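Each step along the sequence shown adds one to the number in UniProt numbering, with nothing skipped, and position 41 is 41. Where is the CB? At the ideal position from N, CA and C, for every residue including glycine. Computed from a predicted structure; not experimentally measured. To start, the structure under review is shown below, and the notes come after it.
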Amino acid sequence: MSEPFLIGENMTGGYGGADILHGCTIAVERGKIAVIVGPNGAGKSTAMKAVFGMLNIHTGSVRLDGEDITALSPQARVAKGMGFVPQVNNIFTSMTVEENLEMGAFLRNDDIRDTMEQIYDLFPILRDKRRQPAGELSGGQRQQVAVGRALMTQPKLLMLDEPTAGVSPIVMDELFDRIIEVARTGISILMVEQNARQALEIADTGYVLVQGANAYTDTGPALLANPEVRRTFLGG
Ligand SMILES: Nc1ncnc2c1ncn2[C@@H]1O[C@H](COP(=O)(O)OP(=O)(O)OP(=O)(O)O)[C@@H](O)[C@H]1O
Ligand SMILES: [Mg+2]
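As C-alpha cells, this is what we get:
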C-alpha cells in the first residue's frame with residue numbers, strides 16, 4: 001500500500017497531564033475526505049491539534065506527502081500546505097469578512113486576488129457581505145468565513161474541526177456540499193463532525209475515536225452499515 005497524503009500515526013500525548021491520545025492513527029488520502037467522529041471528550045480536537053503541531057506527542061509521527069513533519073511548528077506546517085479551521089475562535093469578529101480572508105493569506109507574498117475570487121465563487125454570500133464585520137454574520141456564514149480564511153493559503157490539505165456546529169440542517173447540507181466541491185479540486189479534507197451520520201455519508205474514510213484511541217476505521221458507508229457502530233455511536 002502506498003503512503004497516504006497525510007498520516008498521524010500512533011500518536012500518544014496530551015496537554016501536560018495524563019495522556020489524552022493513546023496510539024491514535026488518522027490518515028487522509030490525496031483529494032479524499034476523512035472524517036473523525038466519536039463521543040464528546042473522546043480526543044477528536046486533540047487529535048487534530050496533534051496533526052497540526054499544536055500538541056507535543058511522545059510516540060508516533062506525522063507525515064505529509066511522505067515527509068516527516070513531526071517536529072515542525074503549526075506555521076511551518078501551513079507553509080507545507082496544511083490549513084486548519086479550529087473548533088472555536090476561528091474568525092476575527094471585529095474585522096470585516098474581506099479582512100479575515102486577507103489575514104488568512106498572511107504567509108503569501110504573491111497576488112491573492114484570484115484566490116479571494118475563488119472563495120467568493122464558492123461562498124457567494126461572503127462577496128455580498130465582504131465589507132461587514134464578521135461578527136455580524138450568522139453562524140453558517142461565519143463558518144464559511146473560517147473555511148475561506150483557511151483556503152487563502154491555497155492548502156493541499158484542509159482540516160476542519162466541527163464546521164457545522166450550531167447551524168441548521170439546511171445550512172449543514174450546504175456546507176457539506178461546498179466541502180465536497182473543495183475536495184473535488186484535489187484538496188484533501190480531514191474533518192471532525194458531531195453530525196456523524198451525515199458526515200460519514202460523504203467520508204471516504206471514517207474514524208470512530210473513543211478515549212483517545214481508534215475504535216473503528218472503515219469507509220464512511222461501511223461504518224454507517226456496521227450494526228455495532230450504529231448501536232453505540234449513531235443512536236441505532
Ligand atoms: N487545553 C486543554 N488542556 C487540558 N485538557 C484539555 C484541553 N483541551 C481538551 N482537554 C481534555 O482533553 C480531552 C479530550 O478533549 P477534546 O477537546 O480533544 O475532545 P473532543 O472529542 O474534541 O470533544 P468535543 O466533541 O466536545 O469537541 C478532554 O478530557 C478534555 O477535557
Ligand atoms: Mg472537539
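Asked, Found
"Taking the C-alpha atoms as reference points, what is the distance between I112 and A146?", "17 Å"
"Can you give me the C-alpha to C-alpha distance between T93 and E99, rounded to a whole angstrom?", "10 Å"
"Taking 7 Å as the cut-off, is the beta-carbon of Q143 closer than that to any non-hydrogen atom of ligand 2?", "no"
"Classify F84 as helix, strand or coil using the three-state DSSP reduction.", "strand"
"For R63, name the three-state secondary structure that DSSP assigns.", "strand"
"With distance defined between alpha-carbon atoms, name the residue in A165, V171, D114 and G135 nearest to L151.", "D114"
"Quick check: is any heavy atom of ligand 2 less than 7 Å from the C-beta of E181?", "no"
"In the DSSP assignment, what residue or residues form a beta bridge with V192?", "I36 and D161"
"Tell me whether I69 is buried or exposed, calling it buried when 16 or more other Cβ atoms sit within 10 Å of its Cβ.", "buried"
"Tell me, to the nearest whole angstrom, how far the beta carbon of I20 is from that of G212; I am working on the premise that it is less than 8 Å.", "5 Å"
"Taking 7 Å as the cut-off, does the CB of K49 come closer than this to any heavy atom belonging to ligand 2?", "no"
"Return the bridge partner residues of P133 from the DSSP annotation.", "T96"
"Can you tell me whether DSSP reads A18 as helix, strand or coil?", "coil"
"What does the alpha-carbon distance come out to for the pair I81 and I170?", "For the sequence presented, residue 81 should be read as Gly rather than Ile. Rounded to whole angstroms, G81 to I170 spans 31 Å at the Cα level."
"Return helix, strand or coil for E9, following the three-state DSSP convention.", "strand"
"Do you know how far the Cα of D121 is from the Cα of D161?", "23 Å"
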